[in-house]
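Shown next, in structure tokens, is the structure this report addresses.
Number of protein chains: 2
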Amino acid sequence: MARSITNSAPTIRDVANLAGVSIGTASKALNGKGQLKATTRLRVESAATQLGFRPNELVRSLLRGRTYTVGLLADDFVGRFSMPLLAGIEDTLADAEISVFLCTTRENVELERKHISSLLAKQVDGIIVCGHRSDPRPSIDIGNRKTPVVYAYGYVDDGKTSCFQVDNADGARKATEHLMNVGRKRIAHIGGPWSWRDAQKRLQAFITTMQDHHYEIPENGIVGGGNWDARWGYQAAHQLMANHSDIDGIFCACDTIALGAIDALRELGRTVPDDVSIVGFDNWDAIALNSHPNLTTIDMNFHQLGVNAGRALLEMIEHGENVPHHGVVSLPCTLVIRDSCGAPTP
Amino acid sequence: MARSITNSAPTIRDVANLAGVSIGTASKALNGKGQLKATTRLRVESAATQLGFRPNELVRSLLRGRTYTVGLLADDFVGRFSMPLLAGIEDTLADAEISVFLCTTRENVELERKHISSLLAKQVDGIIVCGHRSDPRPSIDIGNRKTPVVYAYGYVDDGKTSCFQVDNADGARKATEHLMNVGRKRIAHIGGPWSWRDAQKRLQAFITTMQDHHYEIPENGIVGGGNWDARWGYQAAHQLMANHSDIDGIFCACDTIALGAIDALRELGRTVPDDVSIVGFDNWDAIALNSHPNLTTIDMNFHQLGVNAGRALLEMIEHGENVPHHGVVSLPCTLVIRDSCGAPTP
DNA sequence: CTGAAAGCGCTAACAA
DNA sequence: TTGTTAGCGCTTTCAG
Numbered sequence: 068m069a070r071s072i073t074n075s076a077p078t079i080r081d082v083a084n085l086a087g088v089s090i091g092t093a094s095k096a097l098n099g100k101g102q103l104k105a106t107t108r109l110r111v112e113s114a115a116t117q118l119g120f121r122p123n124e125l126v127r128s129l130l131r132g133r134t135y136t137v138g139l140l141a142d143d144f145v146g147r148f149s150m151p152l153l154a155g156i157e158d159t160l161a162d163a164e165i166s167v168f169l170c171t172t173r174e175n176v177e178l179e180r181k182h183i184s185s186l187l188a189k190q191v192d193g194i195i196v197c198g199h200r201s202d203p204r205p206s207i208d209i210g211n212r213k214t215p216v217v218y219a220y221g222y223v224d225d226g227k228t229s230c231f232q233v234d235n236a237d238g239a240r241k242a243t244e245h246l247m248n249v250g251r252k253r254i255a256h257i258g259g260p261w262s263w264r265d266a267q268k269r270l271q272a273f274i275t276t277m278q279d280h281h282y283e284i285p286e287n288g289i290v291g292g293g294n295w296d297a298r299w300g301y302q303a304a305h306q307l308m309a310n311h312s313d314i315d316g317i318f319c320a321c322d323t324i325a326l327g328a329i330d331a332l333r334e335l336g337r338t339v340p341d342d343v344s345i346v347g348f349d350n351w352d353a354i355a356l357n358s359h360p361n362l363t364t365i366d367m368n369f370h371q372l373g374v375n376a377g378r379a380l381l382e383m384i385e386h387g388e389n390v391p392h393h394g395v396v397s398l399p400c401t402l403v404i405r406d407s408c409g410a411p412t413p
Numbered sequence: 068m069a070r071s072i073t074n075s076a077p078t079i080r081d082v083a084n085l086a087g088v089s090i091g092t093a094s095k096a097l098n099g100k101g102q103l104k105a106t107t108r109l110r111v112e113s114a115a116t117q118l119g120f121r122p123n124e125l126v127r128s129l130l131r132g133r134t135y136t137v138g139l140l141a142d143d144f145v146g147r148f149s150m151p152l153l154a155g156i157e158d159t160l161a162d163a164e165i166s167v168f169l170c171t172t173r174e175n176v177e178l179e180r181k182h183i184s185s186l187l188a189k190q191v192d193g194i195i196v197c198g199h200r201s202d203p204r205p206s207i208d209i210g211n212r213k214t215p216v217v218y219a220y221g222y223v224d225d226g227k228t229s230c231f232q233v234d235n236a237d238g239a240r241k242a243t244e245h246l247m248n249v250g251r252k253r254i255a256h257i258g259g260p261w262s263w264r265d266a267q268k269r270l271q272a273f274i275t276t277m278q279d280h281h282y283e284i285p286e287n288g289i290v291g292g293g294n295w296d297a298r299w300g301y302q303a304a305h306q307l308m309a310n311h312s313d314i315d316g317i318f319c320a321c322d323t324i325a326l327g328a329i330d331a332l333r334e335l336g337r338t339v340p341d342d343v344s345i346v347g348f349d350n351w352d353a354i355a356l357n358s359h360p361n362l363t364t365i366d367m368n369f370h371q372l373g374v375n376a377g378r379a380l381l382e383m384i385e386h387g388e389n390v391p392h393h394g395v396v397s398l399p400c401t402l403v404i405r406d407s408c409g410a411p412t413p
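Residue numbers (the working numbering), protein chains in the order written: chain A, 68 to 413; chain B, 68 to 413.
Structure representation (structure tokens):
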């Protein structure tokens, strides 16, 4: 009755009072510690449920020196890449009963600093820094704290930080080889902006894969320097076909570029996949599944990347500095076959 | 020196020791409270910076009865709609120095229950429930707690809950009127799945807008029942044009449907926007900006919706139950003009 | 102007 | 088997 007056959460003292035991006894009963008479335990438990009692995690954290809380620093929260990454991280941490503080930094250094400071003050057990491209970045400054930090998609080049990356070379190789497997001979590449490490890696791997399999790269068969969008893909495909009407396969550096390329090819009277096979990169549902035909593309396994990053952080949290850091680990990609390449030749 | 041995965060006691004052004095100095000799204050401050001291928020929260923390319950975190919504919420709360716990529930009731329980135990100041469609939903169960809760995109139909919704009717009206403004006479509608309230509202508003302006709806000029994807848009446009080769404007219930419709029209030899004008709905960048031509579409102002939801929650947190609840508020949409409709007729 | 001490809600050690 | 108490790190009275 008395409780219904106040609107603050019931405390263990309330439970103890209702059950007619001491506060220490109530604690033991609720945590299953020590030796208690079964009836007492029951009495306490029913008092607790009756009151809807949940121990205040703030206090428990204070006592345990752990908050079961981590911070997620995302530089580009609304970006398409972050989403499965965040989902993977959240899945893994939720399994470990850990809650995630979401902090979006929009590549604003000052904002990042504030968020970090706030996270540290809130005593998070660890921090995950999430990027949206594979270029190197400075490590975050956590002062003299020993809070574990891992990086996901975006890495710190100091040789002593755990970073989880996409293996762009692996993906590009799989894309290129798939074009070979469906019987394409004159294979071209439409690249992204060369300032991005991701674009560079995909290009390099395209070249080495072609060489490894003794395929000749068509002259001017590599075009790049545009943006990651359909407009560039459209323009690039036109440029490409103007030089080489015999191109029969194109590895595009991303799905939106592939979308634009398909559009251009249709204008030129080439059908995909009958005349030309197209492979994208990203497996971005929004594009790959709404393209016509649906895109064969490379999945970067971001969900798994998030899972790995989450697991690594958990290890560091639970085993402290005894855990050897992972260094930069690159996760392989997966080829997702849909309709833009046609069937493999036997 | 002593401090460099331990790796836990410096406490106010450490600061007080270093400054040679009592712990109470240190607190006053750091919080600018009470009367202190300037030199003492300075001594404490420099000790604090030297140690990199940040007060433990856990403890402060315990003392203040507020954690400066809210929970974000998202049923569909990876959905395209949640993103700007979350960004708006986070922006608003970050301004108020509030951190956000991200909880994705994947429409899993058990998971939702666990998350809520955990949030409550962590003493969050409030909870925002984020949906991805405007259909009604049950309210979350927070027991006898008085924690403020608001709903964003998805609402509770009990007349006493603050819910923030998209005004689908407003958006559909603007879309339809724009088609009229560019001079279209034979206007059709491709709807989404009728089981979605969003699809129903858009349809209804299309009809009333047409009637209000004394436009005749072409017979069989409304097709619906497919999914929210390009495949359906493609199919529906074919169906539509088979009956009515004179259709010159189509209001599509979403951007992906519009993408598919454009594709179909091109196959039929109709160019967009010269022969037929197309308006989408969502202003989903991924689609609208990568479509060819770029889509004229309706923006649901999700960012603003998130901002409003965040602000409402803040009010409730700061003014308790004295704040009148907002009820269900619907925010207007915005027409975004790009290239799929052509220029307005004067 | 500064120090001492109580107490937030809970756990864990120690008494009884 | 149960009760008592110290203390986590900080703020806030109340003495000095």
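From the three backbone atoms N, C-alpha and C, an ideal C-beta is built for every residue, glycine too. Remember, it's a predicted structure, so these values are computed and weren't measured experimentally.
>> Give me the chain A residues within the contact set of V126(B), using Cβ-Cβ distance strictly less than 7 angstroms, ordered along the chain.
In response: Counting from 1 along the second sequence, the entry for residue 126(B) is found at position 59. The answer, in chain order, is L129.
> In chain order, what residues of the region 217 to 236 of chain A put their CB closer than 9 angstroms to some CB of chain B?
Replying inline: Look at the region 217 to 236 of chain A: it has no residue with a C-beta under 9 angstroms from a C-beta of chain B.
>> Quick check for students: name the residue ranges of the beta strand (DSSP E) that lie wholly in the region 362 to 390 of chain A, counting only runs of 3 or more.
In response: As far as the region 362 to 390 of chain A is concerned, its whole beta strand (DSSP E) runs of at least 3 residues are 364 to 366.
>> To the nearest angstrom, how far is the alpha carbon of T134(B) from that of S128(A)?
In response: Walking along the second sequence from the start, residue 134(B) turns up at place 67. Walking along the first sequence from the start, residue 128(A) turns up at place 61. T134(B) and S128(A) have their C-alpha atoms spaced approximately 13 angstroms apart.
>> Against chain A, with Cβ distances strictly below 8 angstroms, would D162(B) count as a contact?
In response: Working through the second sequence from its first residue, we reach residue 162(B) at position 95. With 8 angstroms as the cut-off, D162(B) does not count as an interface residue toward chain A.
>> Please state the DSSP three-state secondary structure of S407(A).
In response: In the first sequence, residue 407(A) corresponds to position 340, counting from 1. S407(A) falls in the coil class under three-state DSSP.
> Is I257(A) helix, strand or coil by DSSP?
Replying inline: Indexing the first sequence from 1 puts residue 257(A) at position 190. Judged by DSSP in its simplified three-state form, I257(A) adopts strand.
> Which bits of chain A does V167(B) rub up against, with CB to CB less than 7 angstroms?
Replying inline: Against the second sequence, residue 167(B) aligns to sequence position 100. Near V167(B) (Cβ distances below 7 angstroms), the residues of chain A are F168 and L169.
>> Just verifying my parser: in three-state terms, what is the DSSP assignment at V449(B)?
In response: No information on residue 449(B) is available, as it lies outside the stretch 68 to 413 that chain B covers here.
> Comparing the C-beta of D192(A) with each C-beta of chain B, is any distance below 8 angstroms?
Replying inline: Taking the first residue of the first sequence as position 1, residue 192(A) is located at position 125. Not closer than 8 angstroms to any Cβ of chain B, the Cβ of D192(A) fails to qualify, so no.
>> Using 8 angstroms for Cβ pairs, my map puts G292(B) next to P340(B). What's the rounded Cβ distance?
In response: By one-based count along the second sequence, residue 292(B) stands at place 225. By one-based count along the second sequence, residue 340(B) stands at place 273. Contact between G292(B) and P340(B) does not hold, since their C-beta atoms are separated by about 26 angstroms, which reaches or exceeds 8 angstroms.
> Taking the alpha helix (DSSP H) that T107(A) falls in, what are its first and last residues?
Replying inline: For the purposes of this step, residue 107(A) is identified with residue 40 of the first sequence, where counting begins at 1. Counted as a single uninterrupted DSSP element, the alpha helix (DSSP H) harbouring T107(A) occupies residues A105 to L118.
>> My output table needs one value for Q190(B): the three-state DSSP class, helix, strand or coil.
In response: Within the second sequence, numbered from 1, the residue matching residue 190(B) stands at position 123. Coil, per DSSP.
> If you scan the region 285 to 334 of chain A from start to end, which runs of the alpha helix (DSSP H) of 4 or more residues do you find wholly inside it?
Replying inline: Qualifying alpha helix (DSSP H) stretches, in chain order: 297 to 310 and 322 to 334.
> Does DSSP put F148(A) in a helix, a strand or coil?
Replying inline: Walking along the first sequence from the start, residue 148(A) turns up at place 81. Three-state result, F148(A): coil.
>> Assuming the contact rule is C-beta atoms closer than 8 angstroms, D158(B) and P399(B) should be a hit. Round their C-beta distance to whole Å, please.
In response: Counting from 1 along the second sequence, the entry for residue 158(B) is found at position 91. Counting from 1 along the second sequence, the entry for residue 399(B) is found at position 332. The pair is not a contact, with the Cβ atoms about 20 angstroms apart (cut-off 8 angstroms).
> Using the C-alpha atoms, what's the distance from R333(B) back to G409(A)?
Replying inline: As a working mapping, residue 409(A) is identified with position 342 in the first sequence. As a working mapping, residue 333(B) is identified with position 266 in the second sequence. Using only the alpha carbons, I get a separation of about 23 angstroms.
> Looking only at its own chain, which residues have a Cβ that is under 6 angstroms from the Cβ of I21(B), when we skip the five neighbours before and after it?
Replying inline: There is simply no residue 21(B) to check, as chain B begins at 68 and stops at 413 in what is shown.
> What does L326(B) reach in chain A if we use C-beta pairs closer than 8 angstroms?
Replying inline: Along the second sequence, read from residue 1 onward, the residue named residue 326(B) stands at position 259. By Cβ distance, chain A contributes N357.
> How would you list, in chain order, the residues of chain B whose beta-carbon sits under 8 angstroms from the beta-carbon of A304(A)?
Replying inline: Taking the first sequence and counting its residues from 1, the one referred to as residue 304(A) is at position 237. By Cβ distance, chain B contributes nothing, its closest Cβ being about 12 angstroms from A304(A), past 8 angstroms.
> Which same chain residues, not among the five before or five after S94(A), have their C-beta less than 8 angstroms away from its C-beta?
Replying inline: Looking up residue 94(A) in the first sequence gives position 27. For S94(A), the CB contacts under 8 angstroms within the same chain, skipping 5 residues up- and downstream, are I79 and K100 in chain order.
> From which residue to which residue does the beta strand (DSSP E) around A40(A) run?
Replying inline: There is simply no residue 40(A) to check, as chain A begins at 68 and stops at 413 in what is shown.
> If you draw a straight line from the C-alpha of A76(B) to the C-alpha of Q190(A), how long is it?
Replying inline: Translated into positions along the second sequence, residue 76(B) becomes position 9. Translated into positions along the first sequence, residue 190(A) becomes position 123. Per the coordinates, the alpha-carbon of A76(B) lies some 9 angstroms from the alpha-carbon of Q190(A).
> How is the alpha helix (DSSP H) around V126(A) delimited, first residue to last?
Replying inline: Your numbering for residue 126(A) matches position 59 in the first sequence. Residues E124 to R131.
> Would you call the CB atoms of V249(A) and A376(A) closer than 8 angstroms?
Replying inline: Counting from one through the first sequence, the residue named residue 249(A) turns up at place 182. Counting from one through the first sequence, the residue named residue 376(A) turns up at place 309. If you check the CB distance, V249(A) and A376(A) do not come in under 8 angstroms.
>> For L246(A) and V346(A), I'd like the C-alpha separation in whole angstroms.
In response: To locate residue 246(A), count along the first sequence from 1; it is residue 179. To locate residue 346(A), count along the first sequence from 1; it is residue 279. Here the alpha carbons of V346(A) and L246(A) stand approximately 8 angstroms from one another.
> If you compare alpha carbons, which of D315(B), Y220(B) and C319(B) is closest to W299(B)?
Replying inline: Taking the second sequence and counting its residues from 1, the one referred to as residue 299(B) is at position 232. Nearest C-alpha to W299(B): C319(B).
> Leaving out five residues before and five after L152(B) in sequence, what residues of the same chain have Cβ atoms less than 7 angstroms from its Cβ?
Replying inline: By one-based count along the second sequence, residue 152(B) stands at place 85. If we look at L152(B) and ignore the five residues flanking it on each side, its Cβ neighbours are C197, A219, Y220, F369, L372 and G373.
>> Taking the straight line between their C-alpha atoms, what separation do you get for C170(B) and E124(B)?
In response: As a first step, residue 170(B) is located in the second sequence; it is residue number 103 there, counting from the start. As a first step, residue 124(B) is located in the second sequence; it is residue number 57 there, counting from the start. Between C170(B) and E124(B), the alpha-carbon positions lie close to 21 angstroms from each other.
> Are the beta-carbon atoms belonging to A471(A) and L103(A) less than 8 angstroms from one another?
Replying inline: Given that chain A is displayed from residue 68 to residue 413, the structure contains no residue 471(A) and the question cannot be resolved.
> Quick one: what's got a C-beta closer than 7 angstroms to V390(B)'s C-beta in the same chain, skipping five residues either side?
Replying inline: Indexing the second sequence from 1 puts residue 390(B) at position 323. Scanning its chain for C-beta atoms nearer than 7 angstroms, with the 5 sequence neighbours on each side dropped, one finds around V390(B) the residues E382 and M383, in chain order.
> Going straight from the alpha carbon of Y222(A) to that of D202(A), what length do you get?
Replying inline: Residue numbering aside, residue 222(A) sits at position 155 when the first sequence is read from its first letter. Residue numbering aside, residue 202(A) sits at position 135 when the first sequence is read from its first letter. Between the C-alpha atoms of Y222(A) and D202(A) there is a straight-line separation of about 7 angstroms.
>> 8 angstroms is my cut-off, CB to CB: does G394(A) come that close to chain B?
In response: Mapped onto the first sequence, residue 394(A) falls at position 327. No Cβ of chain B is located within less than 8 angstroms of the beta carbon of G394(A).
> Between the region 188 to 212 of chain A and chain B, which residues of the former have a C-beta closer than 9 angstroms to a C-beta of the latter?
Replying inline: Listed by position, the residues of the region 188 to 212 of chain A near chain B (Cβ gap below 9 angstroms) are A188, K189, Q190, G210, N211 and R212.
>> Taking only three categories from DSSP, how would you classify D237(B)?
In response: Here residue 237(B) corresponds to residue number 170 of the second sequence, with the count starting at 1. When DSSP states are grouped into helix, strand and coil, D237(B) belongs to the helix group.
> Does the beta-carbon distance from G138(A) to I194(A) come in below 8 angstroms?
Replying inline: For the purposes of this step, residue 138(A) is taken as residue 71 along the first sequence, with counting starting at 1. For the purposes of this step, residue 194(A) is taken as residue 127 along the first sequence, with counting starting at 1. Yes, Cβ-Cβ distance for G138(A) and I194(A) is below 8 angstroms.
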